[in-house]
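Participant: In terms of my numbering, the sequence shown has 1145 at position 200, counting the first letter as 1, and numbering is strictly consecutive.
Glycine included, every Cβ here is placed at the ideal spot set by N, Cα and C.
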Amino acid sequence: MKSVHIDRPELRQRFQDGLAARVTVVEAPAGFGKTTVMRSWQATVEAEGLATDWISLETSNEGALKALDAYVSGQMPGGGPGDGAKACLFLDDIQEAGKPEKDLLLRLVQGARPYHIVLGTRDAGDVPLARMRLSNEVSDFSVEDLKFSHEEAMLLLGDVVSPDVADEYFEYSEGWAAALNMMRRSLIASDGLSQPVADRSGRPDLADYLNEQFLAGLSPDVQNLLIDLAHLSEFNGDLADHIREKDGSWAMLTDLASGHSLVFEQAREDGIWFRCHQLMRDYLIWKQKELGEARIRVLHRRSAVWLARRGRTLGAIRHAIHAGDPDLAEETLLNAGGLQIGMREGSLRLAALLEQIPNATVYASPRLSLARAYLHLKNGRHHEAALLIDDVRSDLDVTNVELGRDIVFVEAHLRLYRDQHLSEAQVSALEFTAASTPPGDLLTRGILYNFLCLFHHQAGGMERARHFANKAIDLYQELGDRHLQYFMHLHLSTIDLDEGKYIDAQKLRGAAIHLQRRYFTNDPGLKAIADIFDAEITFEGAEPETLAAQLKGALEAADGREGWSELYLAGYETAFAIVARDEGYARAIDILEQAEKMIARRDLPRFSRQIRILELELAIQVGEEADAKRLAAGLRRVMGADNGETHLRWRGRYLGKLALAHYETQFGDLDLARELLHELIADFQASGLLRYLARAHALLLINAAAREDKAEAVAALTQTVALSAQGAFIGALKRVGDGYSAAARWTIRECGISAFDSAGLSTLAKILWALGANQGQETSILSELLSQKEQDVLRGIAEGRANKVIARDMDVSEATIKFHAQNIYRKLGVNSRKLAAEVARQHGLITG
């Protein structure tokens, strides 16, 4: 197979652009192709008819000193660049120059010469060029410039391996030209087998090259240092000292990184770290095997101990396993927090750590078993988690405080995710545990406060829930724990939303979404949760067209991950409302079936009852009377029974009563519905649940319009407008379907607007627009309240025109104008032309 020449036009153009400077410096270690590149530049210059010369300063070239001396003295040898010619003198391997050559080289570079000088070296430190660089007299090419690009590597390897394997070789070589060329030769020798890169550094050609060009030139102490560190992807001087059990590693590593291209220095937040080029590292690993298995296990164990002490838990566990010490891996994970790692940093982090440890070790350790149970819960595998918890409890060591704490955490998660009831005694016990937790254990107290917030909220204790939420957030902020802050922002936002504090809820959810997008972008579970709560809060106000797609995707993503009743209710209730309105009943039933599958998989009988409530609301809104009747009868039976673990909590009971009131209004007894709504309104006012209060008044408006009770319709409309202005609860009105906007328009037409001030009218106009009135255009109360002819008459009145003038302009009789005027007075709640014009201007119905 023919050899391949890789043309590098970009490097060539950069070189030609730099000929205006005095010197070009090509600095790169062996194997990066600097000599090849310089030879190609020489050919380019000669092809343009200009003279060049090449001097290699390698130690075997005895004529180099003589040639340099001739150039310095101006007596160029034959064939060299002549006076006045724009030509080049190429000097290669100047790192090999002795003191006499370096002295001449310095004089040559710093003097005024009629030709361009190109220096090729592995180390340019011996040539003082700083002043010339400040004067833009030096054009520099470094290792990064000489590395092969992906496209160049594909050209080199593309005829011997598949593109995927070529990609792998490119990544492995990091663009190192010598490595890529040797890989090519090796592949040709093996008939172009598309085999992976693994163990290439152990091949004789690469091994000999690495040993000859790099390792053999180092002192035995430095060689031993690199071989002892070969199992580490990165290291620093302290880690190296610990592994070798001797000092001095920092100095050796710093010297290596400054003069050795295959050892890199990297600045991190926690200090300076080093790494080897991957090919070099693989070669060192190959050499490390010569130390024997026992020695390698010692090196891994020392690495594990050092990394664990500095909080680098994943690396510590991996090295403990490589050391053949699973007990050390277990100890490392538990010392780092065990299942609390999942609470602090996310389930993905805990899973990454736990999967390093053999299953036999995990299931033999009670605390690691609980960590596995926690991960099962986060993935919706409640039954498996419960079995693991039972196994741990069956052989519980009551004196093990940490194990007891872990059981409390996991069982609290299990109850939360299974939507199970917590008795008052159990809640009191949890409060006592939180209060008796040592003051210094901020994380444990914070997590317990977190659960207390959730359990009080589920029981309807808003004040206590908010109290513990704020305490938890304070502790999480003190700890700097973003993962737990994310969840508490969402929990507290749900309380705010229930209590009508829409703006506060919106800010908290915005903060949670910011944390997820900035710090947890790779966690699909957290993204799904964020998207669901974001969709719910967005539905309460403005509603982008993409909301339905966002919500559907989030519900599907959350199906196999963690979740709790408030999350599912927020998602499915909002999804039903949007899909039923925009896509119809059949598509909404698809969402319902998705919810039922999730419920069956997670065994959530209580939430199943809440889904039946949402199904009833859906049937009512689309006019499916038979389905609504069946569902209403079933709901009455549920609400009339005490079902223990499956009984409806406060939210379910209230949603159930609202649904029954809606059903009676639509298909049954209007008076019964009215009575039930008044009871609910009193409850919501007493408990401060403004979000549900807005929905109850919306249903009462529909009920009053159906009964043609104008006074109650006006009162209910006024209340919904006031609540919407206070909490932006347009979503609460959307959730009762099209009936609200129809009832609101009827009330305006029949009763006028005298009950509203200008701000109330503005809010009402926004509500009707958001609910889809006026074919998607922003509506005005004028269009809802007055006919077009009445609007024209009112405009004439406001402009001061007499009735007969208005009649002439409209081509009607003056009696008709008087008739319209009386209707206008009634609708505006006034009794004179002057007041009608004043009210019209005050309420923004006309301008001027």
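Is the beta carbon of T1610 less than 8 Å from the beta carbon of A1618?
Facilitator: yes
Participant: Quick one: residues in its chain with C-beta nearer than 6 Å to the C-beta of R1652, no 5 flanking neighbours on either side, listed in chain order?
Facilitator: L1615
Participant: Closer than 7 Å by C-beta to E1485: which residues in its own chain qualify, once you throw out the five before and the five after it? Chain order, please.
Facilitator: Y1447, A1673, F1674, I1675, G1676
Participant: Leaving out five residues before and five after R1526 in sequence, what residues of the same chain have Cβ atoms less than 7 Å from its Cβ?
Facilitator: none
Participant: Residues in its own chain within less than 7 Å of G1393 by CB, not counting five upstream and five downstream?
Facilitator: The residue asked about is misnamed: residue 1393 is Leu in this sequence, not Gly. L1375, T1378, A1379, T1382.
Participant: When you compare only the Cα positions, how much space is there between G1405 and R1771?
Facilitator: In a straight line, the C-alpha of G1405 is about 45 Å away from that of R1771.
Participant: Report buried or exposed for G1445, applying the criterion of at least 16 other Cβ atoms within 10 angstroms of its Cβ.
Facilitator: buried
Participant: How many Å lie between I1217 and E1190 at the Cα?
Facilitator: Here the alpha carbons of E1190 and I1217 stand approximately 20 Å from one another.
Participant: Please give the ranges of any beta strand (DSSP E) in the stretch 1612-1692, keeping only runs that are unbroken, at least 3 residues long and fully inside the region.
Facilitator: none
Participant: Among V1167, R967, S1001, S1438, which has the Cα closest to the Cα of L1079?
Facilitator: R967
Participant: Out of T1389, L1429, L1171, H1402, which one is the CA nearest neighbour of Q1223?
Facilitator: L1171
Participant: Would you list, in sequence order, the uninterrupted alpha helix (DSSP H) runs of no fewer than 4 residues that lie entirely inside the stretch 1487-1512?
Facilitator: Whole alpha helix (DSSP H) segments, 4+ residues: 1492-1503.
Participant: Give the straight-line distance between the Cα atoms of T1708 and F1701, rounded to the nearest whole angstrom.
Facilitator: Each residue's Cα considered, the two are about 10 Å apart.
Participant: Quick one: what does DSSP say L995 is sitting in, helix, strand or coil?
Facilitator: coil
Participant: Are R1554 and G1508 closer than 8 Å when you measure CB to CB?
Facilitator: no
Participant: Taking the alpha-carbon of M1755 as reference, which of Q1403, E1089, H1459, R1740 has the nearest alpha-carbon?
Facilitator: R1740
Participant: Pick from W1714, V1343, L956: whose alpha carbon is nearest that of D1090?
Facilitator: L956
Participant: Exposed or buried, T1491, counting other C-beta atoms within 10 Å across all chains shown (16 or more means buried)?
Facilitator: exposed
Participant: Round the Cβ separation of K1273 and R1312 to the nearest angstrom and send it over; I've been treating them as touching at under 8 Å.
Facilitator: Sequence inspection shows Leu at residue 1273; the Lys mentioned does not correspond to that position. With 8 Å as the limit, L1273 and R1312 do not qualify as a contact, their Cβ atoms being about 15 Å apart.
Participant: If we count the other Cβ atoms within 10 Å of its Cβ and call it buried at 16 or more, is T1258 buried or exposed?
Facilitator: buried
Participant: Could you tell me whether the stretch 1459-1473 touches the stretch 1423-1443, using the rule of 3 or more Cβ pairs below 8 Å?
Facilitator: They touch, by the three-pair rule.
Participant: Report the rounded CA-to-CA distance for A1410 versus S1438, giving the unit in angstroms.
Facilitator: 12 Å
Participant: Using 8 Å as the threshold, is the C-beta distance between H1412 and I1440 below it?
Facilitator: no
Participant: Who are the near neighbours of S1139 in its chain, counting only those whose CB is closer than 7 Å to its CB and skipping five residues on each side?
Facilitator: At S1139 the pLDDT is 45, less than 50, meaning the model places this residue with poor confidence; the figure from the coordinates comes in the next sentence. Cβ neighbours of S1139 beyond the five flanking positions: V1106, S1107, V1110.
Participant: In angstroms, rounded to a whole number, what distance separates the CA positions of A1643 and G1568?
Facilitator: 18 Å
Participant: Residues in the same chain with beta-carbon distance under 7 Å from L1580, minus the five sequence neighbours each way, listed in chain order, please.
Facilitator: Excluding sequence neighbours, L1580 sits near R1557, I1558, L1561, G1601, A1604, L1605.
Participant: Rounded to a whole number of angstroms, what is the C-alpha to C-alpha distance between D1683 and L1716?
Facilitator: 8 Å
Participant: Please determine, among M1407, V1372, D1364, L1424, the residue with the shortest C-alpha to C-alpha distance to G1391.
Facilitator: Here the closest residue by C-alpha is L1424.
Participant: Tell me whether the stretch 1330-1338 and the stretch 1260-1277 touch, counting them as touching only if at least three CB pairs, one residue from each stretch, are closer than 8 Å.
Facilitator: no
Participant: Using the Cβ count rule (16 or more neighbours within 10 Å means buried), how would you classify P1271?
Facilitator: buried
Participant: Is it buried or exposed, E1214, if we count other Cβ atoms within 10 angstroms and call 16 or more buried?
Facilitator: exposed
Participant: State yes or no: is the C-beta of A1499 within less than 8 Å of the C-beta of A1515?
Facilitator: no
Participant: Just how far apart, CA to CA, sit S1164 and M1225?
Facilitator: 17 Å
Participant: Report buried or exposed for D1071, applying the criterion of at least 16 other Cβ atoms within 10 angstroms of its Cβ.
Facilitator: exposed
Participant: Who are the Cβ neighbours of G978 in its own chain at under 7 Å, not counting the five residues just before and after it?
Facilitator: So the qualifying residues of the chain are L1091, A1122.
Participant: Tell whether a beta-carbon distance below 8 Å holds between D1037 and M983.
Facilitator: yes
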